[in-house]
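J.: Sequences listed follow chains A and B, in order.
Throughout the first sequence, residue numbering follows the working numbering, covering 116 to 432 in sequence.
Throughout the second sequence, residue numbering follows the working numbering, covering 3 to 325 in sequence.
Every residue, glycine too, gets a C-beta built ideally from N, C-alpha and C.
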Amino acid sequence: MADNVIEARGLLKLYGSQRAVDAIDLDIHRGEIFGLLGPNGAGKTTTILMMLGLTEVSGGSIEVLGFNPVREPLEVKRRVGYLPDSVGFYDHMTARENLAYIARLLDIPRSQAGRRIMEALESVKLADVADKRVATFSRGMRQRLGIAEIVMKQAEIAILDEPTSGLDPHATFELLEMIRGLKRAGVAVLLSSHLLDRVQSVCDRVALFNKGKIALIGSVVQLANQVLGAGHPFLVEAQGTDIAAALRGIEGVRSVVPEGPQGDGGGAWRVTADRDVRAAAAQRIVSAGGSLTRLADLQPSLEEVYTRYFQEARHAA
Amino acid sequence: MPPSAVRRKGSPFTGLGPVFMKELSDHLSSARMMVLMLFVIVFGALPVGFSLQDLRNVVVSDPYLFLRIFTGAPERVGLSFVDALNFVIPLMAIGLGFDSINSEFNRRTLSRVLSQPLYRDALLLGKFLGGLTTLAVALVALWLIVLGAGLLLLGLPPRGVEVARGLGFLVVAIAYGGVWLAVAMLFSVIFRSTATSALCSLGLWLFFLILWPMIASAIVVGFAPAQITSVDQYVAIGELGLALERLSPNTLFREAVVGLLNPETRSLGFMLPMQMRGAIPGATLPLDQSLILIWPQLTGLVAGMIVVFAAAYIVFQREEVRA
Numbered sequence: 116m117a118d119n120v121i122e123a124r125g126l127l128k129l130y131g132s133q134r135a136v137d138a139i140d141l142d143i144h145r146g147e148i149f150g151l152l153g154p155n156g157a158g159k160t161t162t163i164l165m166m167l168g169l170t171e172v173s174g175g176s177i178e179v180l181g182f183n184p185v186r187e188p189l190e191v192k193r194r195v196g197y198l199p200d201s202v203g204f205y206d207h208m209t210a211r212e213n214l215a216y217i218a219r220l221l222d223i224p225r226s227q228a229g230r231r232i233m234e235a236l237e238s239v240k241l242a243d244v245a246d247k248r249v250a251t252f253s254r255g256m257r258q259r260l261g262i263a264e265i266v267m268k269q270a271e272i273a274i275l276d277e278p279t280s281g282l283d284p285h286a287t288f289e290l291l292e293m294i295r296g297l298k299r300a301g302v303a304v305l306l307s308s309h310l311l312d313r314v315q316s317v318c319d320r321v322a323l324f325n326k327g328k329i330a331l332i333g334s335v336v337q338l339a340n341q342v343l344g345a346g347h348p349f350l351v352e353a354q355g356t357d358i359a360a361a362l363r364g365i366e367g368v369r370s371v372v373p374e375g376p377q378g379d380g381g382g383a384w385r386v387t388a389d390r391d392v393r394a395a396a397a398q399r400i401v402s403a404g405g406s407l408t409r410l411a412d413l414q415p416s417l418e419e420v421y422t423r424y425f426q427e428a429r430h431a432a
Numbered sequence: 003m004p005p006s007a008v009r010r011k012g013s014p015f016t017g018l019g020p021v022f023m024k025e026l027s028d029h030l031s032s033a034r035m036m037v038l039m040l041f042v043i044v045f046g047a048l049p050v051g052f053s054l055q056d057l058r059n060v061v062v063s064d065p066y067l068f069l070r071i072f073t074g075a076p077e078r079v080g081l082s083f084v085d086a087l088n089f090v091i092p093l094m095a096i097g098l099g100f101d102s103i104n105s106e107f108n109r110r111t112l113s114r115v116l117s118q119p120l121y122r123d124a125l126l127l128g129k130f131l132g133g134l135t136t137l138a139v140a141l142v143a144l145w146l147i148v149l150g151a152g153l154l155l156l157g158l159p160p161r162g163v164e165v166a167r168g169l170g171f172l173v174v175a176i177a178y179g180g181v182w183l184a185v186a187m188l189f190s191v192i193f194r195s196t197a198t199s200a201l202c203s204l205g206l207w208l209f210f211l212i213l214w215p216m217i218a219s220a221i222v223v224g225f226a227p228a229q230i231t232s233v234d235q236y237v238a239i240g241e242l243g244l245a246l247e248r249l250s251p252n253t254l255f256r257e258a259v260v261g262l263l264n265p266e267t268r269s270l271g272f273m274l275p276m277q278m279r280g281a282i283p284g285a286t287l288p289l290d291q292s293l294i295l296i297w298p299q300l301t302g303l304v305a306g307m308i309v310v311f312a313a314a315y316i317v318f319q320r321e322e323v324r325a
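1) According to DSSP, is residue 179 (chain A) helix, strand or coil?
2) Leaving out the 5 sequence neighbours to the left and right, which residues in its chain are closer than 8 Å to residue 266 (chain B) when beta-carbon positions are compared?
3) At 4 residues or longer, what runs of the alpha helix (DSSP H) sit wholly inside the stretch 259-300 of chain B?
4) Please classify residue 193 (chain B): does DSSP put it in a helix, a strand, or coil?
5) So residue 29 (chain B) and residue 35 (chain B) are supposed to be a Cβ contact under 8 Å. How far apart are they, rounded?
6) At 8 Å on the CB atoms, spell out the chain A contacts of residue 129 (chain B), in chain order.
7) Alpha helix (DSSP H) containing residue 341 (chain A): first to last residue?
8) Buried or exposed for residue 155 (chain A), please, with buried defined as at least 16 other CB atoms from any protein chain shown within 10 angstroms of its CB.
9) Within 10 Å of its beta-carbon, does residue 235 (chain B) have 16 or more other beta-carbons around it, so buried, or fewer, so exposed?
10) What's the gap between the Cα of residue 334 (chain A) and the Cα of residue 409 (chain A)?
11) Just checking my contact of residue 53 (chain B) with residue 20 (chain B) at CB under 8 Å: how many whole Å lie between their CB atoms?
12) Report the residues of the stretch 140-160 of chain A with a CB closer than 8 Å to any CB of chain B, ordered along the chain.
13) Could you tell me the distance, in whole angstroms, from the CA atom of residue 85 (chain B) to the CA atom of residue 256 (chain B)?
14) Distance check for residue 199 (chain B) and residue 295 (chain B), CA to CA, integer angstroms please.
15) Taking a cut of 9 Å between CB atoms, which residues from the stretch 110-121 of chain B lie near chain A?
16) At least one CB of chain B closer than 9 Å to the CB of residue 193 (chain A): is that the case?
17) Under the assumption that residue 312 (chain A) contacts residue 418 (chain A) (Cβ atoms under 8 Å), give the Cβ distance between them as a whole number of angstroms.
18) For residue 5 (chain B), which of helix, strand or coil comes out of DSSP?
19) Using the Cα positions of residue 277 (chain A) and residue 187 (chain A), report the straight-line distance between them to the nearest angstrom.
20) Which one or two residues does DSSP pair with residue 373 (chain A) in a beta bridge?
21) List, in order along the chain, the chain A residues whose C-beta lies closer than 9 Å to that of residue 34 (chain B)?
22) Please confirm if the stretch 172-181 of chain B is in contact with the stretch 239-258 of chain B, defined as three or more CB-CB distances below 8 Å between the two stretches.
23) Would you identify the three-state DSSP class for residue 436 (chain A), choosing helix, strand or coil?
24) Chain A partners of residue 196 (chain B), CB-CB under 9 Å?
25) Determine the contact status of residue 112 (chain B) and residue 106 (chain B), defining contact as a CB-CB distance below 9 Å.
26) With a cut-off of 8 Å on the beta carbons, I'd call residue 270 (chain A) and residue 302 (chain A) a contact; round off their distance for me.
27) With distances taken from CA atoms, which of B:73, B:192 and B:248 is nearest residue 301 (chain B)?
28) Applying a beta-carbon distance threshold of less than 8 Å, which residues of chain B neighbour residue 170 (chain A)?
29) I'd like the span of the alpha helix (DSSP H) that includes residue 139 (chain B), first residue to last.
30) Cβ atoms of residue 198 (chain A) and residue 265 (chain A): under 9 Å apart, would you say?
31) Please list the residues of the stretch 411-430 of chain A that have a C-beta atom closer than 7 Å to any C-beta atom in chain B, keeping them in chain order.
32) Could you name the residues of chain A that residue 16 (chain B) contacts, counting a contact when the two beta carbons are closer than 7 Å?
33) Using a threshold of 8 Å, is the CB atom of residue 256 (chain A) nearer than that to any non-hydrogen atom of the ligand GDP?
34) Just checking: is the beta-carbon of residue 20 (chain B) within a distance shorter than 9 Å of some beta-carbon in chain A?
35) Which residue's Cα is closest to the Cα of residue 194 (chain A): A:181, A:203, A:206 and A:200?
36) Under 8 Å between beta-carbons, which chain A residues line up against residue 12 (chain B)? List them in chain order, please.
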C-alpha cells in the first residue's frame with residue numbers, strides 16, 4: 116500500500132541461535148497509532164531497534180518511509196522520532212540546552228532552532244521550566260521532554276518504547292493526550308506498552324507479540340472476536356422474574372452465563388449476542404415484570420484478550 | 003553495523019561537529035576538569051619553582067638555559083617537570099575518557115542520541131577529539147605558564163630554537179595523552195560500569211609505569227647467556243631490553259622528551275665508546291637532527307593512539323545499544 120510508513124516482511128533477528136524476532140510481517144499506516152504488545156522478551160524492543168537501524172537485521176526486509184534502515188540509517192533517523200524505554204537526558208544541562216544539542220545534530224538552522232524548541236516545549240507544557248536543569252525533572256517531565264524532542268524534530272513517525280511505564284495515572288493521562296496530539300499532527304505513532312487499558316484507549320490497531328512472532332494483529336475489537344469469540348457481550352442485573360429464561364428467549368442471544376452470586380430471582384448475567392440486543396433485553400425483562408437495575412455494554416477489554424491468549428498459548432505448549 | 007552488512011549511505015562524519023563542541027564545552031566547564039587542572043598545577047609548580055631557583059644561581063653560560071626549566075631535576079624534589087608530566091598526563095587523559103561511552107549508556111542517553119541522524123563513528127570520534135582538544139588546551143596553558151614564569155624569574159627571553167623545541171615537546175605530550183585517552187575510551191566501551199573502566203585504565207597505567215620495566219629486565223635476564231663473550235652479544239641483549247621497554251608509551255614519551263629537550267642527546271639507544279670517537283663532549287645537535295632522532299618515538303605514540311582507538315571503534319560498532 117502506498118500509505119504504509121513502515122513495511123516489514125519476514126523480519127528476522129537472531130541472537131546466537133535464539134530467534135528474538137521470528138520472521139514477522141508488519142505494516143504501519145500513515146497517521147495511525149499502532150500498539151506493540153506482549154510480555155517482556157517477546158521481541159518488541161528488538162523490532163523497534165531494527166526499524167531505526169540501531170541493531171543489525173538478520174534476515175527479511177524492512178522499509179521505513181521507503182528507506183532501508185540498514186543501508187540508509189541517516190535518512191530514516193532524520194524522519195523518525197524515538198523515545199526509548201526510560202529515556203535519559205543530560206542532567207547538567209537545561210531542557211532547552213538538551214533540545215538545542217539534538218537540534219544541532221539534526222542540522223536545524225540556528226535561526227529556526229530557537230523557535231522550534233520553544234514551540235515543542237510549549238506543546239508538552241514544559242515551557243516554564245525550559246531553563247531548569249533536567250536533573251530536577253520528574254519521570255513524567257522527562258517523558259514529556261522526549262515527546263518535545265519528537266515534536267521539534269517534526270518527525271513523520273514517532274516510536275515510543277514503554278512511554279507510560281512508571282508514570283502515575285495523571286502523568287499517564289497527560290502523556291496519552293500528547294500522543295493523541297501527535298496523531299492529530301499527522302504523525303504515525305508506534306508504541307509498545309504493558310498498560311493494556313491505556314493502550315486500548317489510544318491505539319487504532321495493535322499487534323500481540325509472543326516469543327518473537329506476531330500472534331495477533333488488528334483492532335482491539337477484531338482481536339477480541341478472534342480470542343474471546345465473536346459477538347456483543349453485555350451485563351444484565353435484574354430482579355423479579357426468571358431473568359435467564361427471559362434473556363434466552365431473545366433472538367440472537369447465544370449464551371447467558373450467571374455472573375456472581377444469584378439471589379432470589381435476581382442477580383447478574385453475562386449475555387453474549389450476535390448483535391446489539393440491549394434494547395430488546397430491557398423490553399423483555401420489563402414486560403416480564405422484572406425490574407432492571409443495570410444494563411451495561413461490555414467493551415472487549417484488551418487485558419482480557421491478552422490474558423486469555425497467553426493462557427491458551429500456555430495450555431497449547 | 004558490522005562489516006558484513008550492506009554498504010551504508012551517508013558520511014560517517016555527519017554530526018561530528020555538534021558532538022565535538024558539546025564534549026569540549028562539557029569538559030571545559032566540568033568540576034572534574036578543575037580538579038585535574040589543580041592536580042597538574044600542583045605537580046608542575048613544585049619542580050618548576052625549585053628548578054627556577056636553582057637556575058638563578060647558575061653561573062656557567064648555557065645556551066639552552068630555558069629548556070633546563072623543563073628537564074632540571076632539583077635536588078629538593080628529585081623530580082623534573084617532564085617527569086611529573088610523565089605521570090600526570092595519563093592521569094588527566096584517563097580522567098577525561100574513562101566514562102565517555104558507558105556514562106551515556108548508564109544515563110540512558112545513548113540510544114536517544116544514536117536515534118538522531120549520526121553514525122556511531124561520529125559519536126566516538128567526536129568524543130575522542132573533544133577529550134584530546136581539552137587535554138591540548140590544558141597542556142598549552144601549562145606550557146605557557148611555565149614559559150611565563152621562566153621569563154619573569156630568569157629575566158631573559160627564550161631563543162627561537164628553544165621555543166621550537168618546546169613546541170615539539172608539546173606535540174609529543176599531546177600524542178602521549180592521546181594514547182591514554184584512547185585506552186580509557188576503549189575501557190569505557192568495553193565495561194558498562196564506570197568504576198570498572200576507571201580501575202582498568204589506572205591498572206594498565208600502573209602496570210606500564212611500575213611493573214613493565216621490571217618485567218622487561220626479567221625477560222632480558224632470562225634470555226641472556228650465562229656469560230657474555232662479545233660486544234655484539236652485549237649490544238644485542240641491551241637492545242632487546244630497550245625494545246621491550248619501548249612497548250610502554252611511558253618509555254616512548256620519556257625518550258622523545260629527552261631527545262627534544264636535551265639537545266646534547268645523540269642517541270636514544272646504545273652508544274659504544276668507539277662510536278663516540280671524534281664527538282665533542284657536550285656539543286649539541288641541531289633541531290632537525292633531534293627531530294629525526296625522536297621521530298620513531300613520536301610515530302610510535304601516534305600509531306599506538308590510532309590502534310587503540312580503532313579497537314575501541316570496532317568494539318563500539320558491535321555493541322548492542324539496548325539495556
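T.: Judging by the given coordinates:
1) As a position in the first sequence, residue 179 (chain A) is number 64, starting the count at 1. Strand.
2) The residue labelled residue 266 (chain B) in the question sits at position 264 within the second sequence. For residue 266 (chain B), where only same-chain residues beyond five positions count, the Cβ hits under 8 Å are 284, 285, 286 and 287.
3) none
4) In the second sequence, counting from the first residue as 1, residue 193 (chain B) sits at position 191. Correct three-state label for residue 193 (chain B): coil.
5) For the purposes of this step, residue 29 (chain B) is taken as residue 27 along the second sequence, with counting starting at 1. For the purposes of this step, residue 35 (chain B) is taken as residue 33 along the second sequence, with counting starting at 1. Yes, residue 29 (chain B) and residue 35 (chain B) are in contact; Cβ-Cβ is about 5 Å, under 8 Å.
6) Your numbering for residue 129 (chain B) matches position 127 in the second sequence. Those within 8 Å of residue 129 (chain B) in chain A number zero; the least Cβ separation is about 13 Å.
7) Stepping through the first sequence from its first residue, residue 341 (chain A) is reached at position 226. First-last of the alpha helix (DSSP H) with residue 341 (chain A): 335-343.
8) Along the first sequence, read from residue 1 onward, the residue named residue 155 (chain A) stands at position 40. The residue in question, residue 155 (chain A), is exposed, as its Cβ has fewer than 16 Cβ neighbours within 10 Å.
9) Against the second sequence, residue 235 (chain B) aligns to sequence position 233. Exposed, by the Cβ-count rule.
10) Along the first sequence, read from residue 1 onward, the residue named residue 334 (chain A) stands at position 219. Along the first sequence, read from residue 1 onward, the residue named residue 409 (chain A) stands at position 294. Those two C-alpha atoms are separated by around 28 Å.
11) Here residue 53 (chain B) is taken as the residue at index 51 of the second sequence, counted from 1. Here residue 20 (chain B) is taken as the residue at index 18 of the second sequence, counted from 1. Not confirmed; about 43 Å, so no contact.
12) 160
13) Your numbering for residue 85 (chain B) matches position 83 in the second sequence. Your numbering for residue 256 (chain B) matches position 254 in the second sequence. One C-alpha to the other measures close to 8 Å.
14) Counted from its first residue, the second sequence places residue 295 (chain B) at position 293. Counted from its first residue, the second sequence places residue 199 (chain B) at position 197. The straight-line gap from Cα to Cα measures roughly 36 Å.
15) 110, 111, 112, 113, 114, 115, 116, 117, 118, 119, 120 and 121
16) The count along the first sequence starts at 1 and reaches residue 193 (chain A) at position 78. Chain B contact via Cβ: present.
17) In the first sequence, counting from the first residue as 1, residue 312 (chain A) sits at position 197. In the first sequence, counting from the first residue as 1, residue 418 (chain A) sits at position 303. Going by Cβ atoms, the distance from residue 312 (chain A) to residue 418 (chain A) rounds to 6 Å, so yes, they are a contact pair.
18) The residue given as residue 5 (chain B) occupies position 3 in the second sequence. Confidence in residue 5 (chain B) is poor, its pLDDT being 43 and thus under 50, which makes the residue's placement unreliable; the coordinate value appears in the next sentence. Coil at residue 5 (chain B), not helix or strand.
19) Within the first sequence, the letter at position 162 stands for residue 277 (chain A). Within the first sequence, the letter at position 72 stands for residue 187 (chain A). Near 26 Å, if we compare the C-alpha coordinates of residue 187 (chain A) and residue 277 (chain A).
20) Within the first sequence, numbered from 1, the residue matching residue 373 (chain A) stands at position 258. Beta-bridge pairing links residue 373 (chain A) to A:384.
21) Translated into the one-based positions of the second sequence, residue 34 (chain B) becomes position 32. Those within 9 Å of residue 34 (chain B) in chain A number zero; the least Cβ separation is about 11 Å.
22) yes
23) It is not possible to answer for residue 436 (chain A), since the shown part of chain A is limited to 116 through 432.
24) For the purposes of this step, residue 196 (chain B) is taken as residue 194 along the second sequence, with counting starting at 1. What residue 196 (chain B) touches in chain A: nothing, since even the nearest Cβ is about 15 Å away.
25) Taking the second sequence and counting its residues from 1, the one referred to as residue 112 (chain B) is at position 110. Taking the second sequence and counting its residues from 1, the one referred to as residue 106 (chain B) is at position 104. Yes, Cβ-Cβ distance for residue 112 (chain B) and residue 106 (chain B) is below 9 Å.
26) Residue 270 (chain A) sits at position 155 when you count from the first residue of the first sequence. Residue 302 (chain A) sits at position 187 when you count from the first residue of the first sequence. About 6 Å; that satisfies the 8 Å criterion.
27) The sequence position of residue 301 (chain B) within the second sequence is 299, counting from 1. That would be B:248, whose Cα lies nearest to the Cα of residue 301 (chain B).
28) By 1-based counting over the first sequence, the position of residue 170 (chain A) is 55. Those within 8 Å of residue 170 (chain A) in chain B are 322, 323 and 324.
29) Counting from one through the second sequence, the residue named residue 139 (chain B) turns up at place 137. First-last of the alpha helix (DSSP H) with residue 139 (chain B): 122-156.
30) The count along the first sequence starts at 1 and reaches residue 265 (chain A) at position 150. The count along the first sequence starts at 1 and reaches residue 198 (chain A) at position 83. Cβ distance < 9 Å, so residue 265 (chain A) and residue 198 (chain A) count as in contact.
31) none
32) Start at 1 with the first residue of the second sequence, and residue 16 (chain B) comes out as number 14. The contacting residues are 189.
33) For the structure depicted, the ligand GDP is absent and the ligand set is empty, with no information on it obtainable.
34) Translated into the one-based positions of the second sequence, residue 20 (chain B) becomes position 18. Chain A, which has a Cβ nearer than 9 Å to the Cβ of residue 20 (chain B), makes this yes.
35) Along the first sequence, read from residue 1 onward, the residue named residue 194 (chain A) stands at position 79. Answer by Cα proximity: A:181.
36) Your numbering for residue 12 (chain B) matches position 10 in the second sequence. Result: 187, 188, 189 and 190.
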